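*Asks:*
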Amino acid sequence: MPFLFEDYCLDANRRELKRGSELIPVGPKVFDLLLFLVQNREQVVTRDDLLKAVWEGRIVSESTLTSHVNAVRKAIGDTGKEQRLIRTVSRRGLRFVGKIIEQEMPARVSVTGPGTDLGVQDPGVRHAKNIQEPIRAFEVDAPTETRETAPVFAAEAESPPSLPDRPSIAVLPFQNMSGDVEQEYFADGMAEDIITALSRFKAPFVIARNSSFTYKARAVDVKQVGRELGVRYVLEGSVRKAANRVRITGQLVDAATGAHIWADRFDGEFGDIFDLQDQVTESVVGAIAPAVEKAEIDRAKRKPTASLDAYALYLRGLARLHQFGNRHANDEALRLFNRAIELDPEFATAYGRAAFCYLIARINGWIPDTATAIAEVKKLTQRAVELGKDDAIALSAGGNALAFVVGDLEVGGGLVDRAIALNSNLAEASNFGGWVKLWLGEPESAIERFARAIRLSPVDPWLMGMRAGTAYAHFFLDRYDEAASWAAMALQCSPDYRPGLRITAASNAMAGRPEQAHKAVARLRELSPTLRLSNLKEVLGPYRRAEDVARYEEGLRQAGLPE
37 MPFLFEDYCL DANRRELKRG SELIPVGPKV FDLLLFLVQN REQVVTRDDL
87 LKAVWEGRIV SESTLTSHVN AVRKAIGDTG KEQRLIRTVS RRGLRFVGKI
137 IEQEMPARVS VTGPGTDLGV QDPGVRHAKN IQEPIRAFEV DAPTETRETA
187 PVFAAEAESP PSLPDRPSIA VLPFQNMSGD VEQEYFADGM AEDIITALSR
237 FKAPFVIARN SSFTYKARAV DVKQVGRELG VRYVLEGSVR KAANRVRITG
287 QLVDAATGAH IWADRFDGEF GDIFDLQDQV TESVVGAIAP AVEKAEIDRA
337 KRKPTASLDA YALYLRGLAR LHQFGNRHAN DEALRLFNRA IELDPEFATA
387 YGRAAFCYLI ARINGWIPDT ATAIAEVKKL TQRAVELGKD DAIALSAGGN
437 ALAFVVGDLE VGGGLVDRAI ALNSNLAEAS NFGGWVKLWL GEPESAIERF
487 ARAIRLSPVD PWLMGMRAGT AYAHFFLDRY DEAASWAAMA LQCSPDYRPG
537 LRITAASNAM AGRPEQAHKA VARLRELSPT LRLSNLKEVL GPYRRAEDVA
587 RYEEGLRQAG LPE
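Residues 37 to 599, numbered by my numbering, are exactly what the sequence shown covers, in order.
(1) What's the C-alpha gap between G548 and A430?
(2) In this structure, what does DSSP give as the bridge partners for R612?
(3) Output the distance between the C-alpha atoms of N571 and E264, rounded to the nearest integer angstrom.
(4) Could you give the C-beta distance for R568 and E599, rounded to a whole number, given that I count them as a contact under 8 Å?
(5) Put E305 into one of helix, strand or coil per three-state DSSP.
(6) What does the alpha-carbon distance come out to for the pair P535 and A391?
(7) Mind checking who V207 pairs with in its DSSP beta bridge?
(8) Which residues in the same chain as I601 place their Cβ atom closer than 7 Å to its Cβ, once the five residues preceding and following it in sequence are excluded?
(9) Based on Cα-Cα distance, which residue from D257, I230, P479, A346 lies nearest to K65?
(10) When the distance is taken between beta carbons, is L395 closer than 8 Å to A437?
(11) Short check: CB of L271 to CB of I333, under 8 Å?
(12) Helix, strand or coil: which one does DSSP assign to T115?
(13) Are A292 and R268 touching if we call contact CB-CB under 8 Å?
(14) Tell whether a beta-carbon distance below 8 Å holds between Y533 and M502.
(15) Below 8 Å on the Cβ atoms is my guess for G63 versus L379; work out the distance and round it to an integer in Å.
(16) If you draw a straight line from the C-alpha of D311 to the C-alpha of M226, how long is it?
(17) How would you write the range of the alpha helix (DSSP H) that N408 sits in, first residue to last?
(18) If we ignore side chains and look at the alpha-carbon of each, how far apart do K54 and G449 end up?
(19) Just to confirm my understanding: we take Y516, look at its own chain, exclude 5 residues before and 5 after, and list those with CB closer than 7 Å. What are they?
(20) Taking only three categories from DSSP, how would you classify N212?
(21) I'd like the list of long-range same chain contacts for G435, defined as Cβ closer than 6 Å, with 5 residues on each side in sequence excluded.
(22) Output the distance between the C-alpha atoms of M525 and L592, rounded to the nearest integer angstrom.
(23) Cβ atoms of V207 and S248: under 8 Å apart, would you say?
(24) Do you know how far the Cα of I490 is from the Cα of A463?
(25) Going by DSSP in three states, G298 sits in which element: helix, strand or coil?
(26) Which residue or residues does DSSP assign as beta-bridge partners of F81?
(27) Once the 5 residues before and after R419 are set aside, which same chain residues still bring their CB inside 7 Å of it?
(28) Taking the alpha-carbon of L70 as reference, which of G93, G56, L40, R94 has the nearest alpha-carbon?
(29) So, with DSSP's three-state summary, where would you put D257?
(30) Output yes or no for whether 8 Å exceeds the beta carbon distance between L121 and L101.
(31) Which one of I403, D68, C393, Q79 has the shortest CA to CA distance from K88?
(32) Could you check which residue in A407, A465, S319, R123 has the C-alpha nearest to that of E78?
(33) Can you grab the Cα-Cα spacing for the pair Q315 / G273, in whole Å?
(34) From the DSSP output, in three-state form, read off V188 for me.
(35) If A223 sits next to V275, beta carbons under 8 Å apart, how far is it from one beta carbon to the other, in whole angstroms?
(36) Just curious, the beta strand (DSSP E) that Q287 is in, first and last residue?
Okay, here's the thing in C-alpha cells:
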C-alpha cells in the first residue's frame, strides 16, 4: 500500500519514492529505513529496532547508521536541524512525525454469477507471456465454497520479473553442435563454469543455473528470455567438436534491443577437458565483464540526470575516470562517486573508486594538499573494506590507492591480493597487483600479473597502465630495449599518459637512443611544467628498492629532465 505525505509517495510494492511525478533515486538500505520509520510512525524507533529490521541484526558502525538517516532526510527534503518529518528523540531513537495518508487499493466490484457473488479486483493491464500487447486482467476473489466451480472471467497474466537496478545477465546452456551425446556434458559444463565465474563479480546480477537451464534444447527468442527472467543481457553459445579439435562460440546480446554487445570464438585441442574449460571460461568472462560495463556506461549517459540512481551515477563517474589524463574529468568522477555514496551509503565499490581518484591525481601531479589527500584515501578505503569484504573491485581500487597515495604497501597490497583471490578473472585486480609487485621490487612477478591482466582484458580502458607497468618491470631488470618497446605500446593507447612518457624517456636514454628520450621529455614537460628530478618522488609509487628509483632517475636525467 503506498504511503502519501506532503507531496511524496512511498510505494512499498514498487520500492519507489516519488515527489509528484519525479522518481527520487535512493539506495536499497535507505529505502528500507524510510519505509520502516513510516510503517512504525506511531512509536519511537530505537537503534536496535533499525539494526534488526533494516540490517537483519548485523552490527554496523554509528557512522553508517548516521549516514543512512541523513540520506533518508535528504531524499524527503528534511534536515537534521529542521526535523520536519523525521524527529530525533534524545537518547531514545527516531520517529516519523509527518502526516501519512495510506492510499487505497483499486476499487472492488461485485459480479453476479449463477448462484454466487464474486469479488472482482481490477489491477489494470498486464504483460503476458508470448503476447506482444498488454491485456486487461481481473483478479477474482470467490467465496470458499464456490472457488472450484466459479466461472473464469479472464485469465490473469503472469507479470514478468522487473529488471534489477544493476546489470543482469542470463547464461543459456551452450548448444552441442557435434551430434555426440557425450559432448553434452562438456557444453553444459562450459555454461555452468561461466555462471560461477560471473557470479564472483559484484556488479552483474547473474541468473542461477536452474533457471537459465530451463531453456535447454529449446529454440529461444533472446528478447523473450530477457522478459521472462528479468535480465538485460543474455549470453548464448555453442560447442562443435571434430576429431580432437573443439570450437566454442559465444555471443552477448542486449535482450531489450537484440543488439550484439560482444561475440567471439575459441579453438583448442580436446585433450585435458577441464583445462580447456578453464581457459575458455577465463577468456569469455574476461571479455564480457568489461563489455557489460561499457554497455551500462553508455546507458547511464543516456539517462536524464534527474532520474539517476546511485549505480547510474557510479557508471558516469567510471566513464570520467577512464579519461585518465584529464584533470577536470577526474574531479568530476570524484564528485559523481561521492554523490552515489550519498544516495547509497553502503555502496562499497563507489568508496573504492573515489579513493582511486586520488591515486590518479597524484600520478599526474594534481594534489595541492598531500595531507588532505592521504586522510581522504584512508577514510574511503576503510569504508570500502568495511562494506565490501567480498567486493573485489572495491578492495583492489581502494588497496591500490592506499599503497600509492598513503604509502601503506603492506595493507594496500594485502587488499589487492585479497581481491585477486576473490575474483581471479578481474583484470584490474591483476593490473593493480602488478604495480604492487613492482613497488615491492619483484619485477618478474609483476610481469606475470600484467600479462594475465592483458590476457583477461586485451582492450581494457586501463591497457596503457598494464603495458607501462610491463615496461617499468623490464627497465628494472636492465632490459631497456624491451622496456622501450612496451612503453611505446602504452603510448599507442594514450599518447599523453604521464607514467608512459616517463618510462619512454628513461628506457630510450638508457638504451642509447637520446632522440626518442628527449622527445618524450619535451612532451612530458609540456604536460607537467614543474616536474623536476628534485620533486619526482611526488608522482612515484612507494618503491622499496632504492636502486630502482636511482636507476629511473638516472634514465630521466640522461633524457634531459632538469634537476
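From the three backbone atoms N, C-alpha and C, an ideal C-beta is built for every residue, glycine too.
In this text, all values refer to a predicted model and were calculated from it rather than measured experimentally.
*Replies:* Here's the rundown:
(1) 42 Å
(2) Absent from the model: residue 612. The displayed extent of the chain is 37 to 599, so no value can be given.
(3) 59 Å
(4) 6 Å
(5) strand
(6) 19 Å
(7) L271
(8) Examination of residue 601 is not possible in this model, given that the chain is present from 37 through 599 alone.
(9) A346
(10) yes
(11) no
(12) coil
(13) yes
(14) no
(15) 5 Å
(16) 11 Å
(17) In the sequence under discussion, the amino acid at residue 408 is Thr, which differs from the Asn named in the question. Segment 406-423, the alpha helix (DSSP H) holding T408.
(18) 43 Å
(19) S543, M546, A547
(20) strand
(21) G448, L451, V452
(22) 19 Å
(23) yes
(24) 7 Å
(25) At residue 298 the sequence reads Trp, which differs from the Gly that was named. Three-state DSSP puts W298 in a strand.
(26) In the sequence on display, residue 81 carries Val and not Phe. For V81, which the question treats as bridged, DSSP gives the partners L130.
(27) Y387
(28) L40
(29) coil
(30) no
(31) D68
(32) R123
(33) 15 Å
(34) Because V188 sits at a pLDDT of 32, beneath the cut-off of 50, its placement in the model cannot be relied upon, and the following sentence gives the value as read from the coordinates. V188: coil per DSSP, three-state reduction.
(35) 4 Å
(36) 281-290
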